[in-house]
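**Student:** Going by my numbering, the sequence shown runs without a break in its numbering and finishes at 824. Think of the CB as a built atom: it goes at the ideal place given N, C-alpha and C, for glycine as much as any other residue. This structure is in structure tokens; I'll ask about it shortly.
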Amino acid sequence: MRLSTTFFFFLLSMNASALTLEEAINKTLKSHPDGQIASLQYESSMETAKGADSALYPRIDANANYFPTKTFVIPINGTFSTKQSNSFHGDISGSYALWDFGRSRDRYTSALHSQEGADSTKKLTQNELVEKVWNTYYGVAVTASLIDTADASVKFYESEYKQSLNMRKSGLKTEADELRFKASLLESQDRVVRAKIEYDKAALSLGILIGSDDPVSVNQSSLDQRCETLSLQNISLETLRQELRDNNPQLKALRSSIHSAKDLSDAASHEKYGNVALVGSYGYDDSLSAYDSYQAGVMGTIPLYDGGKLSAEAQKSRIAYTIAQKEFENTERQLWQEVYGAYRDFKRTDESIKSKESVIEATLKSLHLIGGRYAQGLATYVDVLESQSTLENAKSDLAQAKYQKISAYAHVKKLLNQGDGNDKK
400 MRLSTTFFFF LLSMNASALT LEEAINKTLK SHPDGQIASL QYESSMETAK
450 GADSALYPRI DANANYFPTK TFVIPINGTF STKQSNSFHG DISGSYALWD
500 FGRSRDRYTS ALHSQEGADS TKKLTQNELV EKVWNTYYGV AVTASLIDTA
550 DASVKFYESE YKQSLNMRKS GLKTEADELR FKASLLESQD RVVRAKIEYD
600 KAALSLGILI GSDDPVSVNQ SSLDQRCETL SLQNISLETL RQELRDNNPQ
650 LKALRSSIHS AKDLSDAASH EKYGNVALVG SYGYDDSLSA YDSYQAGVMG
700 TIPLYDGGKL SAEAQKSRIA YTIAQKEFEN TERQLWQEVY GAYRDFKRTD
750 ESIKSKESVI EATLKSLHLI GGRYAQGLAT YVDVLESQST LENAKSDLAQ
800 AKYQKISAYA HVKKLLNQGD GNDKK
């Protein structure tokens, strides 16, 4: 009684310390390097946009130089003489692009689109991490279920082995029965060991994912509970594809890349027109004499010949724009194939789960009947082994079918960018 009570409280403590899906997702999003890299890349794109924006404002520079000794050439009465003296010069200069045919504005708009793309990429990374947590978390629950199946098989073959041993001693069964059940017992014990190793590896993978160096445990019943609550709305394929186009972060990032490439292409095509700038400066010199200098005016620049550099850059930017469009089209097709497959897989898994549950129910009844017939000498050990093997496979397949349902659901949600807080329970 004391042992059973201790074991009961041990199970309660295990369930109490088990990691929830919400906790796993939150820890992963906070600590995983991929998420941190995506955040830093977004911050970098913000700074790039600020740098592009600065071209729309005036620029002011301060310059100064001092030479302890400098040679000056001075004309005196038609001849030149030199004189050594110290020299100081300082000035403040400013410039402002009055007109550059919109190039600076195009580059700034391109940077803003790149920033939007980085934000979408950040969301994509977060969604990928959430899906990975789902798969890893419930992968731990599946391996725990496989351990239970293997343990049940060990108990069954132990019972059958003892029964066949006693019946052989009584002359009711042969040594072949005893040895065959013994072999099955050893095989089932080996499956338990392998299942526990797989559980340890899955638990460690989840621990590493959330930023821990140690394996973590999950509530085994979470697999069944999750399968019972998951559902996807029945929608037409046209609506499903449209939701993919509208909501998928990867497509949003590529769409931003198209806009950014278009702006850069426009800017490059206007380089040949040059620019007009307002310039001015104030300076002070103290060499042979001290004086101030001023200048203010308008400066225009038009490139006349550059060996084809500007036209090459313009063509290159137009090609980049076309490539961005084709990348979007190709990715949209690939993602549509993914979401279509995952959506269909999810809808199919319910039937598969019901089928496996029916197989388990029927096999349990059959095994019970065959076990009685075997004890009475009306069935062979082969019949018992076949029924038990069918039961083991059905239990394993049921756990895998439930995992596939969860995995398909998580993949659809990632592709459609539709994760919400209710999914974390």
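Nearest-angstrom Cα distance between Gln-714 and Thr-447?
**Tutor:** As a first step, residue 714 is located in the sequence shown; it is residue number 315 there, counting from the start. As a first step, residue 447 is located in the sequence shown; it is residue number 48 there, counting from the start. So the two alpha carbons sit approximately 24 Å from each other.
**Student:** Just the C-alpha distance for Ala-496 and Ala-676, rounded to the nearest angstrom, thanks.
**Tutor:** Along the sequence shown, one-based indexing puts residue 496 at 97. Along the sequence shown, one-based indexing puts residue 676 at 277. Between Ala-496 and Ala-676, the C-alpha separation is close to 4 Å.
**Student:** Please check the pair Thr-748 and Ala-800, which I expect to be a contact at CB under 8 Å, by giving their CB distance rounded to whole angstroms.
**Tutor:** Reading the sequence shown from its first residue, position 349 is the one you call residue 748. Reading the sequence shown from its first residue, position 401 is the one you call residue 800. Contact holds; Cβ gap of about 6 Å.
**Student:** Would you kindly work out how many angstroms separate the C-alpha atoms of Met-400 and Asp-613, rounded to a whole number?
**Tutor:** By 1-based counting over the sequence shown, the position of residue 400 is 1. By 1-based counting over the sequence shown, the position of residue 613 is 214. Confidence at Met-400 is low in this model, with a pLDDT of 39, below 50, so its placement is unreliable and the value that follows should be read with caution. Cα-Cα distance, rounded: 33 Å.
**Student:** In its own chain, which residues sit with a C-beta less than 8 Å from the C-beta of Leu-402, not counting the 5 before and 5 after it?
**Tutor:** Position 3 of the sequence shown, counting from 1, holds the residue named residue 402. Note that Leu-402 scores 36 on pLDDT, short of 50, meaning its location in the model is unreliable; the coordinates nonetheless yield the value given after this. There are no such residues.
**Student:** Please work out which residues of its chain come closer than 7 Å, Cβ to Cβ, to Gln-724, disregarding the five sequence neighbours upstream and downstream, and give them in chain order.
**Tutor:** For this step, residue 724 is matched to residue 325 along the sequence shown. Only Ile-657 meet the Cβ criterion.
**Student:** Starting from Gly-538, follow the alpha helix (DSSP H) in both directions and report where the run begins and ends.
**Tutor:** Taking the first residue of the sequence shown as 1, we reach residue 538 at position 139. Residues 502-568.
**Student:** Tell me the residue span of the beta strand (DSSP E) that contains Val-836.
**Tutor:** Residue 836 lies beyond the stretch modelled for the chain, which goes from 400 to 824, so this question has no answer here.
**Student:** Since Ser-519 and Ala-652 are thought to touch, with beta carbons under 8 Å apart, how far apart are those beta carbons, to the nearest angstrom?
**Tutor:** Working through the sequence shown from its first residue, we reach residue 519 at position 120. Working through the sequence shown from its first residue, we reach residue 652 at position 253. With a Cβ gap of about 4 Å, Ser-519 and Ala-652 count as contacting.
**Student:** In whole angstroms, what is the alpha-carbon distance linking Thr-535 and Ile-609?
**Tutor:** Here residue 535 corresponds to residue number 136 of the sequence shown, with the count starting at 1. Here residue 609 corresponds to residue number 210 of the sequence shown, with the count starting at 1. Annotation: Thr-535 to Ile-609 spans about 11 Å, alpha carbon to alpha carbon.
**Student:** Cutting at 7 Å between CB atoms, please list the residues of its own chain near Tyr-690, excluding the five before and the five after it.
**Tutor:** Position 291 of the sequence shown holds residue 690. Non-local C-beta neighbours of Tyr-690 in its own chain, meaning closer than 7 Å and more than five positions away in sequence, comprise Asp-684, ordered along the chain.
**Student:** Give me the residue from Asp-550, Thr-700 and Ile-805 with the minimum Cα distance to Leu-585.
**Tutor:** Taking the sequence shown and counting its residues from 1, the one referred to as residue 585 is at position 186. With distances taken between Cα atoms, Leu-585 lies closest to Asp-550.
**Student:** Excluding the 5 residues flanking Leu-766 on each side, which residues of the same chain have their C-beta closer than 7 Å to its C-beta?
**Tutor:** Stepping through the sequence shown from its first residue, residue 766 is reached at position 367. The beta carbon of Leu-766 lies closer than 7 Å to those of Ser-786, Gln-787 and Leu-790 in the same chain, with the five residues before and after it left out.
**Student:** Quick one: give me the first and last residue of the alpha helix (DSSP H) that Ala-723 is part of.
**Tutor:** As a position in the sequence shown, residue 723 is number 324, starting the count at 1. Residues 708-774.
**Student:** Nearest-angstrom Cα distance between Thr-730 and Glu-737?
**Tutor:** By one-based count along the sequence shown, residue 730 stands at place 331. By one-based count along the sequence shown, residue 737 stands at place 338. C-alpha separation (whole angstroms): 10 Å.
**Student:** Taking Ser-686 and Asp-490 to be in contact with their CB atoms under 8 Å, please state how far apart those CB atoms are, rounded to whole angstroms.
**Tutor:** In the sequence shown, counting from the first residue as 1, residue 686 sits at position 287. In the sequence shown, counting from the first residue as 1, residue 490 sits at position 91. Not confirmed; about 14 Å, so no contact.
**Student:** Out of Gly-516, Ala-666, Thr-470 and Val-553, which has the shortest C-alpha to C-alpha gap to Glu-712?
**Tutor:** In the sequence shown, residue 712 corresponds to position 313, counting from 1. When only C-alpha atoms are compared, the closest one is Ala-666.
**Student:** Beta-carbon within less than 7 Å of Ser-480's beta-carbon, same chain only, minus the 5 sequence neighbours each way: which residues are those?
**Tutor:** Within the sequence shown, residue 480 is the residue found at index 81, counting from 1. Contacts found: Ile-473.
**Student:** Just checking my contact of Leu-428 with Gln-525 at CB under 8 Å: how many whole Å lie between their CB atoms?
**Tutor:** On the sequence shown, residue 428 is found 29 positions in, with the first residue counted as 1. On the sequence shown, residue 525 is found 126 positions in, with the first residue counted as 1. Taking C-beta atoms under 8 Å as the contact rule, Leu-428 and Gln-525 qualify, at a distance of about 6 Å.
**Student:** Would you decide whether Val-813 is buried or exposed? Buried here means 16 or more other CB atoms lie within 10 Å of its CB.
**Tutor:** Taking the sequence shown and counting its residues from 1, one reaches residue 813 at position 414. Before going further, note that residue 813 is Lys rather than Val in the sequence given. By the neighbour-count rule (16 or more Cβ atoms within 10 Å), Lys-813 is buried.
**Student:** Name the residue from Ser-492, His-431 and Asp-460 whose alpha carbon lies nearest to the alpha carbon of Phe-696.
**Tutor:** Sequence index remark: in the sequence shown, residue 696 carries index 297 (1-based). Looking at the sequence provided, one finds Gly at residue 696 rather than Phe. Nearest Cα to Gly-696 within the set Ser-492, His-431 and Asp-460: Ser-492.
**Student:** Between which two residues does the alpha helix (DSSP H) holding Leu-571 run?
**Tutor:** Reading the sequence shown from its first residue, position 172 is the one you call residue 571. Unbroken run through Leu-571: none, as it is neither H nor E.
**Student:** Over what stretch of residues does the beta strand (DSSP E) that includes Ile-609 continue unbroken?
**Tutor:** Counting from one through the sequence shown, the residue named residue 609 turns up at place 210. It is not in any beta strand (DSSP E) - Ile-609 carries neither H nor E in the DSSP assignment.
**Student:** Would you check if the distance between the CB atom of Tyr-537 and the CB atom of Tyr-742 is smaller than 8 Å?
**Tutor:** To locate residue 537, count along the sequence shown from 1; it is residue 138. To locate residue 742, count along the sequence shown from 1; it is residue 343. In this structure, Tyr-742 does not lie closer than 8 Å to Tyr-537 by Cβ.
**Student:** Out of Ser-692, Tyr-780 and Ser-795, state which residue places its alpha-carbon closest to the alpha-carbon of Ile-769.
**Tutor:** Within the sequence shown, numbered from 1, the residue matching residue 769 stands at position 370. Comparing Cα-Cα distances from Ile-769 to each of Ser-692, Tyr-780 and Ser-795, the minimum goes to Tyr-780.
**Student:** Is it buried or exposed for Glu-577, if we count other Cβ within 10 angstroms and need 16 for buried?
**Tutor:** Indexing the sequence shown from 1 puts residue 577 at position 178. Buried: at least 16 other Cβ atoms inside 10 Å.
**Student:** Which two residues bound the contiguous beta strand (DSSP E) that contains Lys-482?
**Tutor:** Taking the sequence shown and counting its residues from 1, the one referred to as residue 482 is at position 83. Lys-482 -> beta strand (DSSP E) spans 478-498.
**Student:** Look up Ser-692 in the DSSP assignment and give the residues it is bridged to.
**Tutor:** Residue 692 sits at position 293 when you count from the first residue of the sequence shown. The partner list for Ser-692 (beta bridge, DSSP) reads Gly-682.
**Student:** By DSSP, does Asn-646 sit in helix, in strand, or in coil?
**Tutor:** The residue you call residue 646 lines up with position 247 of the sequence shown. Residue state, collapsed to three classes: helix.
**Student:** Note the first and the last residue of the continuous alpha helix (DSSP H) segment covering Asn-462.
**Tutor:** Position 63 of the sequence shown, counted from the first residue, corresponds to residue 462. Note, Asn-462: premise wrong, no alpha helix (DSSP H); beta strand (DSSP E) at 458-475.
**Student:** Please state the DSSP three-state secondary structure of Val-811.
**Tutor:** Against the sequence shown, residue 811 aligns to sequence position 412. In this structure, Val-811 counts as helix in the three-state DSSP scheme.
**Student:** Give a yes or no on whether the C-beta atoms belonging to Glu-559 and Val-783 are separated by under 8 Å.
**Tutor:** Here residue 559 corresponds to residue number 160 of the sequence shown, with the count starting at 1. Here residue 783 corresponds to residue number 384 of the sequence shown, with the count starting at 1. Yes, Cβ-Cβ distance for Glu-559 and Val-783 is below 8 Å.
**Student:** What's the C-alpha gap between Asn-816 and Tyr-773?
**Tutor:** Stepping through the sequence shown from its first residue, residue 816 is reached at position 417. Stepping through the sequence shown from its first residue, residue 773 is reached at position 374. Rounded to the nearest angstrom, the two C-alpha atoms are 56 Å apart.
**Student:** Classify Glu-670: buried if its beta carbon has 16 or more other beta carbons within 10 angstroms, exposed otherwise.
**Tutor:** As a position in the sequence shown, residue 670 is number 271, starting the count at 1. So Glu-670 ends up on the buried side.
**Student:** According to DSSP, simplified to helix, strand and coil, what is Val-615?
**Tutor:** Here residue 615 is taken as the residue at index 216 of the sequence shown, counted from 1. Three-state result, Val-615: coil.
**Student:** Quick one: does the C-beta of Glu-559 sit closer than 7 Å to a heavy atom of the ligand MG?
**Tutor:** What this structure holds is no ligand at all, so the ligand MG is not there to describe.
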